Each structure stands twice: as structure tokens, then as C-alpha cells.
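Numbering (UniProt numbering), first residue to last: 1 to 464.
Beta carbons are placed, not taken as given, at the ideal position from N, Cα and C, and that holds for glycine.
Since the model is a prediction, treat every value here as computed from it, not as a measurement.
Some notes on the structure that comes next.
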Amino acid sequence: MLNRFKHLFGNKKNKEFGINNITPIEEKQIVPKEQVDLIRFFRNELPDNKNRYHKDILQFNHEQIEYYHDFIQWILPTIDKSQFHPEAPTIDDHFKEQLQQDDLAKSNYCRTCQLYLNYVGFHCNKRQIQCQITGRLYELPYHNQLRITRMLNSLNQVGNNQCSTKLYHAIMSEIKPDSDKIDNNTLDYWAKTQRININCNILIGAIAGDIIGSIYEFNPIKSIDFPLFKKYSRFTDDTVMTVANANWLLTNNILSDIMLDYGNRYPNAGYGGSFYNWLQQDIPEPYNSFGNGSAMRVSPVGWAFETLEETLKKAKESAEVTHNHPEGIKGAQATAACIYLARTGKSKLEIKEYIESTFGYNLNRTCDKIRIAYQFDVTCQGSVPESIIAFLESKDFEHAIRLAISLGGDADTMGAITGSIAEAYYKEVPEEIKKEVLKRLPKEFIDVMERFYKKFIMKNKSID
Ligand SMILES: [Mg+2]
């Protein structure tokens with residue numbers, strides 16, 4: 001995470017001052033003291049605020065684990081301040097990086113996880129986590145369930161996502177469907193820790209672009225330097241219809257029925273006038289559109305098929321329920337093809353050449369040149385090539401979104417198109433963007449994204 005920002009901050013600043021390398025002293029100065037103390041706590045060099053060293057806590061017996069309420073925040077730190085123990089330190093990306101680099105601190109972190117898991121009836125080693133005493137977790141006082149939530153969050157936040165997933169599945173496999181010992185809120189919390197973990201990695205690129213662009217659609221900007229998320233950043237029609245398309249591929253039901261259903265359940269998502277009218281029809285007919293709505297919603301198609309031919313065929317089907325104009329179909333096919341080629345390992349040059357030769361888009365322009373005169377344009381032919389160029393020119397996912405929005409056009413839709421391709425090419429969306437996105441989505445969208453991930457990405461692989 002630090003490395004991602006170095007090109008934006010560290011190097012620039014150093015060049016200005018004629019310094020070639022960031023000195024260790026400078027790094028140390030920006031690490032908050034409590035983070036340093038926490039690493040030293042895990043190294044047994046400093047005690048916690050009750051004067052207990054890490055090795056003392058490791059000696060706790062079951063009675064002490066149950067009796068004390070002020071140690072768990074130290075051994076399982078999270079990014080959020082504890083309501084019950086506000087003096088306990090919190091963590092950030094500095095801590096995550098330091099812990100991953102410090103073998104002693106990391107090993108002690110894991111040892112306290114083992115200590116607590118043994119207490120609640122689980123056994124763990126490097127490869128697996130298994131329940132050994134069935135039902136013990138929900139026979140213990142309720143706060144132990146909250147401690148498990150803390151552990152799942154802490155594991156994710158320090159970068160041990162695989163452990164978090166293993167623990168989650170070990171717990172879930174022990175819960176009987178009719179059990180009333182663990183309430184639905186707790187189950188929801190636990191599931192949520194996994195949603196920010198691995199199961200929502202797909203389709204979030206398009207949705208992130210939509211949400212980040214949502215506040216710039218009618219307030220265009222001509223710079224890549226802007227806040228990614230603000231209070232009013234929200235999902236719009238691009239997200240609703242992307243999720244509808246994912247649902248279509250999952251269920252094989254009739255696409256127009258699904259789009260009508262989603263559109264009418266989320267009527268204030270900012271649809272264009274013609275599409276809004278289409279949503280009001282009992283038997284909706286395509287209206288020969290060449291708007292970029294066909295490209296903004298097509299990203300699930302780019303992920304779901306084994307061949308480029310199938311991808312193009314399905315992208316056409318996705319478009320032509322509304323956008324049956326040749327340019328509308330072309331915009332959807334070009335976007336889906338970019339995603340397919342990017343996820344199957346093609347280079348940017350190969351993607352560029354394929355799109356130019358197949359669809360005739362002019363991709364020999366730069367964002368700097370386009371930006372000068374570019375204006376709000378909702379046609380496929382006037383925004384899809386520009387969105388692809390933003391991807392081709394980018395250095396990473398975030399940069400791609402910034403470039404697309406910086407052109408000053410249909411920001412949310414261009415963000416969605418560029419984001420969907422960038423996600424496939426760069427393979428991941430940064431964790432902090434993912435978190436901001438997921439907290440703005442309804443649960444039913446996240447459920448579809450998870451099901452889509454399991455069906456088309458995990459396929460037959462077990463996630464246990
Ligand atoms: Mg929109």
C-alpha cells in the first residue's frame with residue numbers, strides 16, 4: 001500500500017529536494033507511536049497498558065481468558081477503536097507492513113490466535129483450522145462470539161486473509177442450521193468479514209468506477225487529483241444493471257425481465273430518459289440505442305466464458321435487449337472483449353491491436369490530448385474508446401479510474417467501463433477502495449457478486 005503511493009508522494013517530494021532515497025529515519029518519523037509500541041508488544045519488548053507482556057498473556061489459563069476483558073484488543077488489534085477498551089492501540093497499513101516483515105512479532109501474533117482458538121474449541125496449525133470441541137463456542141458467554149468477529153477482522157486487517165477464511169469456514173461448518181445459539185446479526189458480521197476478503201473480487205472494478213465517478217458525472221473535472229470517495233458518492237444505474245447482468249448469467253432467466261425487476265426496485269439510480277421509459281413497459285422492446293449503457297453493464301460477460309467467441313456472442317445478447325444499434329452492440333462487445341483478453345493474460349498492446357482491428361476504434365490518442373476538448377458524451381462511440389485509452393495508459397487500478405474520470409465526461413459510466421477492464425488486467429482492486437465500495441452496496445448486490453465469483457471464478461475449487 002505504501003509502495004502504491006510512493007509514486008504520488010514520496011518520489012516527487014524527494015526529487016524536489018534532490019534526495020534520491022527515502023531514509024529510514026524519515027519512515028520511522030511517520031509511524032504513529034502506538035503502532036511502534038504494538039509491534040514491540042508482539043516482540044515482548046514492551047508491556048500492554050496493564051503492564052503485561054505478550055508472554056504473560058500466553059500463560060493465561062481458561063479462567064483468565066474468560067475473566068479479563070482488556071487483553072483481547074491488544075492481541076487481536078483492528079483498525080477500529082474499541083468501545084470497551086479505548087486505550088488499546090489500533091492498527092493501520094504501517095502496522096500491517098511491519099508485522100508481515102517481522103518474523104518474531106508475526107509468530108507471536110499467531111500464537112495468541114492459537115491460544116484463543118483453543119479456548120473456544122478449535123485446533124489450528126499452519127495448514128488448517130478445525131473444530132475440536134463441537135458447540136463450545138456457543139456454549140461460552142456471548143462476548144466470545146464478538147471476540148471471534150474481532151479475530152476475523154484482525155486477521156483480514158493484518159493481511160492473514162487465508163487464515164480468516166479458514167476460520168470462517170471452520171466455524172460455519174460447525175453451526176447447525178437450526179441453532180438458535182448464534183444470532184443472525186452475528187452470522188451477518190462474520191459473513192461480512194469474508195465479503196471484504198476474497199469472495200467479492202470480481203465485478204467490483206466496474207462498481208468502484210461507477211461509485212467514484214458518481215459525484216463527477218455532473219461536476220466534471222479535468223484532473224486526476226481528486227478525492228475518490230465523498231459523503232455523497234453512491235452507486236448508480238451502471239451498478240444496478242451490472243448486477244442485473246450478473247444475475248442473468250447466474251440464472252439464465254430472461255435478461256429483459258431481470259433488468260426490469262432491478263430497474264423498478266432501484267428507480268432512483270440515475271437512468272437515462274429512454275432507458276427509464278423502457279423500464280415502464282410491460283413488454284419492453286429494444287429502442288435502437290447506441291448509448292454507453294450497453295458497455296457499462298456488460299462486465300460480467302467478460303468474466304463468464306471460456307472463449308472470446310462466446311464472450312462476443314453473449315455481449316451482443318446483453319446489449320440488444322435495449323441497445324440494438326450496431327454502435328451499441330459494438331461498445332458492449334469491445335468492453336467485454338477487453339475484459340476477456342485482460343483476464344486471460346494478454347498484454348496492453350495485444351488488447352489495443354485487437355480492439356482497433358476488430359471494432360475500428362481509434363486508440364492512438366492520449367488522455368492529455370483527449371482531455372483538452374472532451375465533453376460529456378453518452379454515446380458508445382464517443383466514450384468507450386476513451387475509456388479503453390484510460391485503461392491502456394494507466395499504471396494501476398486506481399490510476400485507471402482517475403484517468404477515466406479526469407477526461408471530464410460521463411464520469412460514472414466511463415469509470416465503470418475503465419474500472420471493469422483495469423480490474424481484469426491488474427487482477428485486484430485495492431483493499432481500501434473495495435471497503436469503501438462494499439459499504440455503499442445493498443446486501444443483495446453483494447450476494448450476487450459472491451455467487452458470481454463462486455460460479456464463474458472459483459468454479460469447482462473448494463474455498464475450504
Ligand atoms: Mg450512472
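Cα-Cα separation between residue i and residue j, rounded to whole angstroms
i, j, result
"Leu152", "Arg402", "32 Å"
"Lys230", "Glu428", "22 Å"
"His399", "Leu407", "13 Å"
"Thr134", "Pro442", "34 Å"
"Gln333", "Leu312", "5 Å"
"Asn184", "Phe122", "22 Å"
"Asp225", "Arg136", "52 Å"
"Tyr266", "Gly328", "23 Å"
"Ser274", "Asn288", "10 Å"
"Ile446", "Ser299", "16 Å"
"Lys314", "Leu341", "15 Å"
"Lys434", "Ile211", "11 Å"
"Asp377", "Ala416", "15 Å"
"Gln281", "Val448", "25 Å"
"Ile129", "Tyr374", "55 Å"
"Ser420", "Trp190", "28 Å"
"Asn125", "His169", "15 Å"
"Leu438", "Leu146", "21 Å"
"Arg43", "Trp248", "52 Å"
"Leu155", "Ile75", "11 Å"
"Val120", "Ile65", "10 Å"
"Ile316", "Pro86", "With the sequence shown as reference, residue 316 is identified as Lys, and Ile is not the correct amino acid for it. In a straight line, the C-alpha of Lys316 is about 55 Å away from that of Pro86."
"Gly409", "Ala208", "17 Å"
"Arg297", "Asp102", "44 Å"
"Ile22", "Lys330", "Note that Ile22 scores 34 on pLDDT, short of 50, meaning its location in the model is unreliable; the coordinates nonetheless yield the value given after this. Spanning the two alpha carbons is a distance of roughly 48 Å."
"Ser164", "Phe452", "21 Å"
"Thr344", "Glu306", "10 Å"
"Lys81", "Ile91", "9 Å"
Own chain residues within Cβ distance below 7 Å of residue i, not counting five before or after
i, result
"Asp260", "Asp is not the amino acid found at residue 260; the sequence shown has Leu there. Closer than 7 Å at the Cβ level, and outside the excluded window around Leu260, lie Leu279, Pro284."
"Leu363", "Lys352, Ile355, Glu356, Pro385, Ile388, Ile389, Leu392"
"Ala411", "Gly213, Tyr216, Glu217, Pro220, Ile405"
"Gln100", "Lys106, Gly159"
"Lys28", "Note that Lys28 scores a pLDDT of 40, beneath 50, so its modelled location is shaky; the value from the coordinates is reported in the next line. Excluding positions up to five away in sequence, the list is empty."
"Leu58", "Arg111, Thr112, Leu115"
"Tyr232", "Ile215"
"Asn144", "Val120, Leu137"
"Asp464", "Because Asp464 sits at a pLDDT of 27, beneath the cut-off of 50, its placement in the model cannot be relied upon, and the following sentence gives the value as read from the coordinates. His169, listed in sequence order."
"Lys50", "Asp70"
Outcome for residue i when other beta-carbon atoms lying within 10 angstroms are tallied against a minimum of 16
i, result
"Glu26", "Any reading at Glu26 needs caution, since the residue's pLDDT is 38, under 50, leaving its predicted position unreliable; the model's value is listed next. Glu26 comes out exposed."
"Asp238", "buried"
"Ile372", "exposed"
"Pro24", "The pLDDT assigned to Pro24 is 35, lower than 50, so where the model puts this residue is not dependable; a value taken from the coordinates is nonetheless given after this. Looking at its Cβ environment, which holds fewer than 16 other Cβ atoms inside 10 Å, Pro24 is exposed."
"Thr418", "buried"
"Asn61", "exposed"
"Phe397", "buried"
"Asp48", "buried"
"Phe84", "exposed"
"Asn108", "buried"
"Ser383", "buried"
Rounded distance between the beta-carbons of residue j and residue i, thought under 8 Å
i, j, result
"Leu104", "Pro77", "Not quite, the Cβ-Cβ distance comes to about 16 Å (not below 8 Å), so this is no contact."
"Ile171", "Ile148", "7 Å"
Option in the options with minimal Cα separation from residue i
i, options, result
"Tyr142", "Phe41, Thr186, Thr112", "Thr186"
"Leu115", "Pro86, Asp93, Leu146, Lys55", "Lys55"
"Pro286", "Gly272, Arg297, His325, Asn253", "His325"
"Lys455", "Trp303, Ala315, Glu350", "Trp303"
"Lys166", "Val378, Leu117, Leu341, Arg343", "Leu117"
"Asp70", "Ala88, Asp80, Ile79, Tyr53", "Ala88"
"Ser394", "Val437, Leu349, Glu310", "Leu349"
"Arg440", "Cys124, Trp190, Ser173, Arg234", "Arg234"
"Leu308", "Asp282, Met296, Thr335, Ser294", "Thr335"
"Cys380", "Leu249, Gly293, Gln132", "Gly293"
"residue 492", "Arg127, Cys131, Gln98, Leu140", "Residue 492 lies beyond the residue range present for the chain, which begins at 1 and ends at 464; the question has no answer from this structure."
"Ala424", "Asn253, Ile457, Arg451, Glu444", "Ile457"
"His323", "Ser256, Gly345, Arg365", "Ser256"
"Thr413", "Ile370, Ala246, Thr242", "Thr242"
"Phe290", "Ala319, Val301, Glu306", "Ala319"
"Arg127", "Asp93, Gln98, Glu97, Gln162", "Gln162"
"Cys367", "Gly345, Pro227, Thr193, Ser223", "Ser223"
"Glu432", "Ile204, Glu63, Leu46", "Ile204"
Sequence-distant residues of the same chain with beta carbon closer than 8 Å to residue i, five excluded per side
i, result
"Phe95", "Gln35, Leu38, Ile39, Pro77, Val158"
"Val321", "Leu255, Ser256, Met259, Pro284, Pro286"
"Thr251", "Ile258"
"Ile370", "Glu386, Ile389, Leu407"
Chain-order list of residues whose beta-carbon lies under 6 Å from that of residue i (same chain, five-residue window excluded)
i, result
"Ala269", "Thr236, Asp237, Val240"
"Ala244", "Ile258, Met259, Tyr262"
"Ile72", "Arg147"
"Tyr271", "Asp237"
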